[in-house]
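Colleague:
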Amino acid sequence: AQRVTQPEKLLSVFKGAPVELKCNYSYSGSPELFWYVQYSRQRLQLLLRHISRESIKGFTADLNKGETSFHLKKPFAQEEDSAMYYCALRTLGGGGNKLTFGTGTQLKVEL
Amino acid sequence: DVKVTQSSRYLVKRTGEKVFLECVQDMDHENMFWYRQDPGLGLRLIYFSYDVKMKEKGDIPEGYSVSREKKERFSLILESASTNQTSMYLCASRGPNSPLHFGNGTRLTVT
Numbered sequence: 003a004q005r006v007t008q009p010e011k012l013l014s015v016f017k018g019a020p021v022e023l024k025c026n027y028s029y030s031g032s033p034e035l036f037w038y039v040q041y042s043r044q045r046l047q048l049l050l051r052h053i054s055r056e057s058i059k060g061f062t063a064d065l066n067k068g069e070t071s072f073h074l075k076k077p078f079a080q081e082e083d084s085a086m087y088y089c090a091l092r093t094l095g096g097g098g099n100k101l102t103f104g105t106g107t108q109l110k111v112e113l
Numbered sequence: 002d003v004k005v006t007q008s009s010r011y012l013v014k015r016t017g018e019k020v021f022l023e024c025v026q027d028m029d030h031e032n033m034f035w036y037r038q039d040p041g042l043g044l045r046l047i048y049f050s051y052d053v054k055m056k057e058k059g060d061i062p063e064g065y066s067v068s069r070e071k072k073e074r075f076s077l078i079l080e081s082a083s084t085n086q087t088s089m090y091l092c093a094s095r096g097p098n099s100p101l102h103f104g105n106g107t108r109l110t111v112t
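Going down the list, the sequences are from chains A and B. Under my numbering, think of the first position of the first sequence as 3, with each following residue one higher. Under my numbering, think of the first position of the second sequence as 2, with each following residue one higher.
1. What separation, rounded to the nearest whole angstrom, lies between the Cα atoms of A:Leu118 and A:Leu74?
2. Nearest-angstrom Cα distance between B:Arg15 and B:Lys71?
3. Does the segment 73 to 82 of chain B touch the segment 17 to 33 of chain A, meaning 3 or more C-beta pairs lie closer than 8 angstroms?
4. Check the Cβ-Cβ distances between A:Lys24 and every residue of chain B, and say whether any is below 8 angstroms.
5. Between the segment 82 to 97 of chain B and the segment 27 to 39 of chain B, can you find at least three pairs of beta-carbon atoms closer than 8 angstroms?
6. Nearest to B:Glu23 by alpha carbon, out of B:Pro100, B:Ser68 and B:Ile47?
7. Can you grab the Cα-Cα spacing for the pair A:Gly60 / A:Ala79, in whole Å?
8. Compare the C-beta of B:Gly41 against all C-beta atoms of chain A and say whether one is closer than 8 angstroms.
9. Who are A:Arg51's beta bridge partners in DSSP?
10. Closest by CA to A:Leu91, which one among A:Phe36, A:Ser54 and A:Glu81?
11. Quick one: is A:Phe72 near chain B, going by C-beta distance under 8 angstroms?
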């Protein structure tokens with residue numbers, strides 16, 4: 003069965019410090035990974051996905067199949083990055099409709 | 002821009018009541034989903050539907066049912082509400098090769 007693990011419930015960093023939100027997954031097939039973000043009083047929205055290999059709002063994430071990880075990184079945290087971040091895993095092929103989410107990490111950027 | 006609309010933002014119901022949560026999307030998406038969001042547990046999939054009148058159980062379907070009579074509408078039904086169903090309920094839709102688009106959520110309290 004597929005599983006997504008986000009080990010940190012809360013991550014607190016100072017403005018300008020580097021950020022790394024951890025995500026590990028378990029899945030025997032070929033995974034597709036996403037990061038979703040929920041800002042205060044807003045709906046959950048896609049931040050980035052691994053197949054796009056893009057940087058959104060300064061965030062990047064690289065899929066490491068050897069370590070089964072998809073950590074989210076940003077070199078310099080901004081106050082507006084404070085939000086809840088969810089890592090998600092979608093299987094390709096059969097059952098591809100399902101998206102499994104981690105438990106989320108609350109990022110707090112302090113001045 | 003995709004719009005996913007959940008009919009109620011807040012709902013308070015009594016134990017044993019039958020509860021309907023409605024969700025409508027305007028992008029002709031085939032796939033629709035119901036998740037519940039709980040602190041420390043993240044998002045857990047209750048049910049999803051990949052076409053009209055088609056449905057599949059997610060990870061926590063017990064105590065819930067769904068209805069998809071029209072492509073744009075996906076309803077979540079609590080047959081007999083219980084206090085452990087107090088939660089934030091999120092509806093989402095997805096087209097082919099597109100990310101999930103979420104509604105604003107319905108915060109349900111069962112007393």
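We treat Cβ as the ideally placed atom computed from N, Cα and C, and that holds for glycine.
Modeller: If we stick to the structure as given:
1. Only positions 3 to 113 of chain A appear in this structure, which leaves residue 118 of chain A out of reach.
2. Within the second sequence, numbered from 1, the residue matching residue 15 of chain B stands at position 14. Within the second sequence, numbered from 1, the residue matching residue 71 of chain B stands at position 70. Approximately 29 angstroms, taken between the alpha carbons.
3. With a cut-off of 8 angstroms, the segment 73 to 82 of chain B and the segment 17 to 33 of chain A do not count as touching, because too few Cβ pairs lie within range.
4. For the purposes of this step, residue 24 of chain A is identified with residue 22 of the first sequence, where counting begins at 1. For A:Lys24, no CB of chain B lies under 8 angstroms from its own CB, so it is not counted at the interface with that chain.
5. The segment 27 to 39 of chain B vs the segment 82 to 97 of chain B: in contact.
6. For this step, residue 23 of chain B is matched to residue 22 along the second sequence. B:Glu23 has its Cα closest to that of B:Ser68, out of B:Pro100, B:Ser68 and B:Ile47.
7. On the first sequence, position 58 is the one that residue 60 of chain A refers to. On the first sequence, position 77 is the one that residue 79 of chain A refers to. Taking the CA atoms as reference points, A:Gly60 sits about 9 angstroms from A:Ala79.
8. Within the second sequence, residue 41 of chain B is the residue found at index 40, counting from 1. Interface residue, yes.
9. Here residue 51 of chain A is taken as the residue at index 49 of the first sequence, counted from 1. Secondary-structure assignment with DSSP links A:Arg51 through a beta bridge to A:Phe36.
10. Translated into the one-based positions of the first sequence, residue 91 of chain A becomes position 89. Nearest Cα to A:Leu91 within the set A:Phe36, A:Ser54 and A:Glu81: A:Phe36.
11. In the first sequence, the residue the question calls residue 72 of chain A occupies position 70. No - not a single Cβ of chain B is within 8 angstroms of the one on A:Phe72.
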